[in-house]
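What follows is a set of notes on a single structure, which appears directly below.
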Amino acid sequence: MRFKRSDRVKEVMREEISQMLMGEIKDPRIGFATLTRVELSDDLRNAKIFVSVMGSEEEKKKTIKGLESASGFIRSELRKRMRLKFIPEIIFRLDTSIEHGEKIARILEELKNEDLKLM
5 MRFKRSDRVK EVMREEISQM LMGEIKDPRI GFATLTRVEL SDDLRNAKIF VSVMGSEEEK
65 KKTIKGLESA SGFIRSELRK RMRLKFIPEI IFRLDTSIEH GEKIARILEE LKNEDLKLM
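Residue numbers (this note's numbering): 5 to 123.
Next comes the structure, spelled out in structure tokens:
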């Protein structure tokens, strides 16, 4: 099975940016953030970086602002670590899929408990 080049590049980007999040980015606004996925255009010019952030809505907003401020640093580090003609423009997005999954799990648990009460 053949892979698209963009698939390989986005996997390396995910690994490298995750490593940067674990200690290389020093912005105090960035809270506990986990990179969940990378979406990369086929021409490798644009990347959406999805992060999951623990904390309040205000902390999540601050973290995204901090990551947006660090995007120049992240791109310069990617330029050093990856052999690409163009380093993609980076857009950070908040990934709410984990919270959404937890909400669904809670609802299912509540429904299950209600069914047990009816029996």
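Cβ atoms here follow ideal geometry from the backbone N, Cα and C, with glycine treated the same way. Owing to the predicted nature of the structure, the values given are computational and were not obtained by experimental measurement.
Among the options, nearest to residue i - alpha-carbon criterion
i     : options              : result
Ala51 : Arg97, Phe36, Ile108 : Arg97
Leu39 : Arg85, Ile95, Lys116 : Ile95
Phe7  : Lys30, Arg18, Asp46  : Asp46
Lys64 : Gly105, Arg9, Thr100 : Thr100
Rounded C-alpha distance that separates residue i from residue j
i      : j      : result
Lys119 : Arg41  : In the sequence on display, residue 119 carries Asp and not Lys. About 37 angstroms.
Glu43  : Ile108 : 25 angstroms
Arg87  : Glu114 : 51 angstroms
Residue i vs residue j beta-carbon contact at 7 angstroms
i     : j      : result
Gly70 : Ile102 : no
Val55 : Ala37  : yes
Ile91 : Leu82  : yes
Glu20 : Arg85  : yes
Leu48 : Ser22  : no
For residue i, the three-state DSSP class (helix, strand or coil)
i      : result
Leu88  : coil
Lys121 : helix
- Fully enclosed by the stretch 54-101, which alpha helix (DSSP H) runs are 4 residues long or longer? 61-73, 75-85
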